[in-house]
Amino acid sequence: MTSPHSFADTLSAAASGQEWALAALYRESHPGLLRYLRVMEPGDADDLASETWLDVAGSLVRFQGDEPQFRAWLFTIARRRVIDLRRSRSRRRTEPVDPGLIPSVGAIADAADEAMQRMSSEEALGRVAALPPDQAEVVLLRVLGGLDVKDVARIVDKRPGAVRALQHRGLKRLSRTLSREPVTE
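Mapped onto our numbering, the consecutive letters of the sequence shown carry residue numbers 294 to 478.
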C-alpha cells in the first residue's frame with residue numbers, strides 16, 4: 294500500500310468509517326478491480342464495481358486479515374457480483390455485446406512479461422479477453438489481482454493444480470499468438 298499508514302491502520306480506520314482510509318483502500322484497489330470487471334463483463338463493469346464497493350463497505354467491520362487477504366476478499370466479492378449478474382441475465386432476454394467494444398485494461402506481467410511489454414495495455418487486455426473465459430479469469434486474478442494460486446483456487450472454486458494449469462495454458466496461448474506476429478519498434 295502506498296499510504297503513509299500501515300495497511301492494518303488503514304483497514305482499522307476504514308472499518309470505523311474514516312473517509313481518508315476508505316479513500317486509500319479504494320485508490321489502491323479500484324484500478325485492478327475495474328480492469329478485472331471490464332474483461333469479465335464489459336458493459337456492466339462500473340455498476341459491478343459500485344456493487345462490490347458497497348458490499349465491501351457494508352462488511353468491512355467483519356473483515357480480518359492482511360493486505361493480500363483483503364485483495365482476495367475484494368476479488369471474491371467482485372466475482373460473486375459477476376455470477377449474480379450472469380444468473381439474472383439468464384432469466385431475461387439480453388442483447389449480445391460486440392467483441393470490438395471490449396475496453397482495455399492494464400498490462401499483464403510474470404511469465405508473459407517480455408511479450409506483454411511490447412503491447413499497449415489496451416491490446417494486452419483485448420488479448421486476455423479473447424482467451425477462454427476460465428483461462429482469462431485466472432490470468433486476470435493472478436496478474437491484475439496480484440493473488441496467489443491458493444487464493445485464486447478458492448475464489449474460482451477449483452484446485453490449485455487446475456488454477457496453475459489454466460494460467461499456464463492461457464499464458465502459453467498468448468505467447469503462441471504473439472510469436473506469430475512480426476515485432477515492431
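Glycine included, every Cβ here is placed at the ideal spot set by N, Cα and C.
Coarse secondary structure for residue i, derived from DSSP in three states
| i | result |
| --- | --- |
| Arg454 | Note on residue identity: the sequence assigns Gly, not Arg, to residue 454. Looking at Gly454 - three-state DSSP - the assignment turns out to be helix. |
| Phe363 | helix |
| Phe300 | helix |
| Phe356 | coil |
| Gly463 | helix |
| Gln428 | helix |
| Gly438 | coil |
| Ser309 | coil |
| Glu321 | helix |
| Arg420 | helix |
| Glu344 | helix |
| Glu474 | coil |
Rounded C-alpha distance that separates residue i from residue j
| i | j | result |
| --- | --- | --- |
| Pro297 | Ser305 | 14 Å |
| Gly351 | Glu474 | 47 Å |
| Arg320 | Thr303 | 12 Å |
| Ser383 | Lys451 | 23 Å |
| Arg380 | Ala338 | 16 Å |
| Arg374 | His323 | 15 Å |
| Gly489 | Leu437 | Lying outside 294 to 478, the shown extent of the chain, residue 489 is not represented and no answer is given. |
| Gly358 | Gly336 | 32 Å |
| Ala422 | Leu471 | 15 Å |
| Gly454 | Ala446 | 9 Å |
| Val312 | Ser468 | The identity of residue 312 in the sequence shown is Glu, whereas the question assumes Val. Whole-angstrom Cα-Cα distance: 43 Å. |
| Leu378 | Met333 | 11 Å |
| Ala316 | Val349 | 13 Å |
| Arg355 | Leu347 | 14 Å |
| Pro426 | Ser343 | 23 Å |
Contacting residues, own chain, Cβ-Cβ under 7 Å from residue i (five flanking each side not counted)
| i | result |
| --- | --- |
| Ala371 | Leu326, Tyr329, Leu330, Leu341 and Thr345 |
| Gly463 | Leu424, Gln428, Ala429, Val431 and Val432 |
| Leu353 | Ala307 and Ala308 |
| Arg457 | Val442 |
| Leu318 | Thr303 and Ala307 |
| Leu459 | Asp427, Gln428 and Val431 |
Same chain, Cβ closer than 8 Å to residue i, neighbours up to 5 away in sequence not counted
| i | result |
| --- | --- |
| Leu440 | Pro361, Arg364, Ala365, Phe368, Leu434 and Ile448 |
Residues near residue i by beta carbon distance below 6 Å, same chain, minus five either side
| i | result |
| --- | --- |
| His461 | none |
| Asp444 | Ala365 |
| Ala404 | Note that Ala404 scores 49 on pLDDT, short of 50, meaning its location in the model is unreliable and no value can be drawn from it. |
Residue i beta carbon near the ligand GTP (any heavy atom closer than 7 Å)
| i | result |
| --- | --- |
| Ala365 | By its list of ligands, the structure shown contains no ligand whatsoever, and the ligand GTP lies outside what it can speak to. |
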